[in-house]
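Accompanying notes for the structure given below.
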Amino acid sequence: MRVTFNDYKTVDIDSLPINEEWDGRNVQENLMHRIHAYPAKFPAFITTKAIEYAESQNVAIGTVADIFCGCGTVAYETVKANRHFWGCDINPVATLIARAKSHHYDSEHLTNYYEQIVEEFYIQSFNEDDAIANNERVKYWFFQQQIEDLSKLKRAIETTVDNETYRDFFLCAFSNILKSCSRWLTKSIKPQLDPNKKPHDVMEAFATQVKMMRKANLVNEINEGLAVIETTNCLSKIVEKPFVDLLVTSPPYVTSYEYADLHQLSTLWLGYTNDYRSFRDGTIGSLHGENHLPDHLKHLNDTGKDIVLKLYAIDKSKCRSVSQYYIDMQNTVKKAYELICPGGATLFVIGNTEYKGVKIDNARHLIETLLDEGFENVEVERRKISNKILTPYRDSVGKFTTDKNSRKIYSEEFIIFAKKPLCLNN
Ligand SMILES: C[S@@+](CC[C@H](N)C(=O)[O-])C[C@H]1O[C@@H](n2cnc3c(N)ncnc32)[C@H](O)[C@@H]1O
């Protein structure tokens, strides 16, 4: 069932029936989507369905964009569908993966470069002055043997792979072995040290990773790279003229992932920063921020204000971070409107959550924001999230719990589609 929101306040979106068409459980994803782990990656089939749906609504699609492109799920599927892609992410690890994913590599070049990297690794000696190898945080996460090998491997990649596109491929491989070669608790979604872990050998892990990526590249369904991917805060992007026909995106979750902290091994090793915390600034959904609550209350829409005021009575710090999130989301929609051509459309994938009994209704907040901004034909579908979680609560470190006072994870989320009017009234 599809609902058009003439008056979004009167419709109970949580009671919408689940639309099986947006389930996608049986759709096999291309192996390229698995070349690097990424938290909150969304299902690839959503892009294809979004393009089909927008076209059925008379949107002519040349360029698809994703302003929170993450590891490039939309980028890959857009290029596969032979359209242009433009995307950005504030996280340079995300854009590295997205760039690596949206190319088809020549197998022979990959083999040659790989052999040269291995050869170079074994003739090099460890440079004791390598600043990254001496970073305190790196020393915290890695044993000395892995530090020396990673330092040599990174230098081997940088000195032998002279083509930038191919260098992205190998740096992406390098980035994805960091957790297994470190003392990071396996599969943890929070930075947590495992004192009993036996980290992998660097060159063995690299060989396995490159083999997996080369196998994925063999079944890579894209030919030419038609993707432009920028590392930038989408809210600061200067848009001189709209150029996007369809924006497909899944915004950061409200205060659940601290992306800067989660990717710290990669941001440190790849030399993007020597203090990973600097990447928290500007990241939407970060828990770390200043207190602008009084000012926010002047700008939040009705749904946002209502939720924030309910939280104020329970947890002032949570209230401040949620209010920052809603202000950022309102600015995101403004940016989306600037980017999209008249007659174009946007599709957001967004979920709700609950905190100590207060419903954090992100979907309703987004619908109100889209309507306020001038989008029209706002439609909502409710979809089941395939990896159904048995217990819906998470504690403060992200572990599953039965404690109902903890953060509630829903097993459904919303697909929200909206069009920018063809004729603008101003
Ligand atoms: C839910 S994830 C998107 C995942 C993506 N759909 C995928 O499949 O990989 C949200 C992304 O928003 C990014 N992000 C957070 N704040 C941002 C900002 N201000 N500008 C651009 N990207 C931002 C995060 O780094 C993260 O990659």
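First residue of the sequence shown? That's 927 in the numbering used here, and the numbers climb one at a time after it.
Cβ coordinates follow ideal geometry from the N, Cα and C atoms, glycine included.
None of the values given here were measured: they were computed from a predicted structure.
Using DSSP's beta-bridge definition, name the partner residues of residue i.
i, result
"residue 1308", "944, 1340"
"residue 1155", "1013"
"residue 1272", "1173, 1344"
"residue 1163", "Answer is none; residue 1163 lacks a bridge partner."
"residue 1285", "1280"
"residue 991", "1012, 1173"
"residue 1302", "1345"
"residue 1266", "1170"
Would you kindly check if the distance between the Cβ of residue j and the Cβ of residue i is under 8 Å?
i, j, result
"residue 1215", "residue 1159", "no"
"residue 1342", "residue 1306", "yes"
"residue 961", "residue 1026", "yes"
"residue 1102", "residue 1072", "no"
"residue 1128", "residue 1180", "no"
"residue 1155", "residue 997", "no"
"residue 1274", "residue 1297", "no"
"residue 1211", "residue 1178", "yes"
"residue 901", "residue 1237", "This structure does not reach residue 901, given that the chain is present from 927 up to 1352, and the question cannot be answered."
"residue 1020", "residue 964", "yes"
"residue 1086", "residue 1031", "no"
"residue 985", "residue 1269", "yes"
"residue 1264", "residue 1125", "no"
"residue 1061", "residue 1200", "yes"
Determine, using beta carbons only, whether residue i comes closer than 8 Å to chain B.
i, result
"residue 1245", "Of the protein chains in the structure, only one exists, and it is not chain B."
Where residue i and residue j are concerned, what is the direct C-alpha to C-alpha distance, given to the nearest angstrom?
i, j, result
"residue 1063", "residue 1193", "11 Å"
"residue 1323", "residue 1116", "The predicted position of residue 1323 is uncertain, since its pLDDT is 48 and thus under 50; a value taken from the coordinates is nonetheless stated next. If you take the alpha carbons of residue 1323 and residue 1116, they lie about 7 Å apart."
"residue 942", "residue 1282", "24 Å"
"residue 1202", "residue 1213", "15 Å"
"residue 1112", "residue 1348", "50 Å"
"residue 1143", "residue 1198", "26 Å"
"residue 1107", "residue 1191", "10 Å"
"residue 1308", "residue 934", "15 Å"
"residue 1145", "residue 1218", "49 Å"
"residue 1314", "residue 1051", "Here residue 1314 scores only 45 on pLDDT, less than 50, and its place in the model is too uncertain to base an answer on."
"residue 993", "residue 1004", "14 Å"
"residue 957", "residue 969", "13 Å"
"residue 1092", "residue 1036", "8 Å"
"residue 1114", "residue 1339", "23 Å"
"residue 1172", "residue 939", "24 Å"
"residue 1090", "residue 1294", "43 Å"
"residue 1304", "residue 1187", "35 Å"
"residue 1220", "residue 1251", "14 Å"
"residue 1366", "residue 1204", "Outside the modelled stretch of the chain, which goes from 927 to 1352, sits residue 1366, for which no answer is possible."
"residue 1139", "residue 1261", "35 Å"
"residue 1185", "residue 1016", "10 Å"
"residue 1246", "residue 1163", "25 Å"
"residue 1337", "residue 1056", "46 Å"
"residue 954", "residue 1029", "20 Å"
"residue 951", "residue 995", "22 Å"
"residue 1316", "residue 1054", "Low per-residue confidence applies at residue 1316: pLDDT is 45, beneath 50, and the placement is therefore not dependable, though the value from the model is reported in the following sentence. Whole-angstrom Cα-Cα distance: 49 Å."
"residue 1242", "residue 1235", "10 Å"
"residue 1059", "residue 1206", "23 Å"
"residue 1346", "residue 1302", "6 Å"
"residue 1122", "residue 1105", "14 Å"
"residue 1358", "residue 1271", "Nothing can be reported for residue 1358, as the shown portion of the chain is limited to 927 through 1352."
"residue 1396", "residue 1079", "Nothing can be reported for residue 1396, as the shown portion of the chain is limited to 927 through 1352."
"residue 1290", "residue 974", "25 Å"
"residue 945", "residue 971", "15 Å"
"residue 1239", "residue 1223", "15 Å"
"residue 1130", "residue 1279", "41 Å"
"residue 1110", "residue 982", "46 Å"
"residue 1042", "residue 1150", "26 Å"
Can you give the beta carbon distance from residue i to residue j, rounded, assuming they're within the 8 Å contact cut?
i, j, result
"residue 949", "residue 1244", "That belief does not hold up - the Cβ atoms of residue 949 and residue 1244 are roughly 32 Å apart, past 8 Å."
"residue 1288", "residue 1276", "5 Å"
"residue 1157", "residue 1018", "5 Å"
"residue 1083", "residue 1100", "6 Å"
"residue 990", "residue 1011", "6 Å"
"residue 1196", "residue 1076", "Going by Cβ atoms, the distance from residue 1196 to residue 1076 rounds to 11 Å, so no, they are not a contact pair."
"residue 1006", "residue 1148", "5 Å"
"residue 966", "residue 1183", "6 Å"
"residue 1094", "residue 1152", "Incorrect: roughly 16 Å between the Cβ atoms, too far for contact."
"residue 1161", "residue 1228", "That belief does not hold up - the Cβ atoms of residue 1161 and residue 1228 are roughly 22 Å apart, past 8 Å."
Inset, instruction - Any chance you could list the alpha helix (DSSP H) runs of at least 4 consecutive residues sitting entirely within the stretch 1219-1250, in chain order? - result: Taking only runs of at least 4 residues, the alpha helix (DSSP H) segments lying wholly in the stretch 1219-1250 are 1219-1225, 1228-1238.
Inset, instruction - Mind listing, in chain order, the continuous alpha helix (DSSP H) runs of no fewer than 4 residues lying wholly within the stretch 1064-1139? - result: 1070-1086, 1090-1103
Inset, instruction - Give, in chain order, every unbroken run of the alpha helix (DSSP H) that is at least 4 residues long and sits entirely within the stretch 1013-1039. - result: Fully enclosed alpha helix (DSSP H) runs of 4 or longer: 1018-1027.
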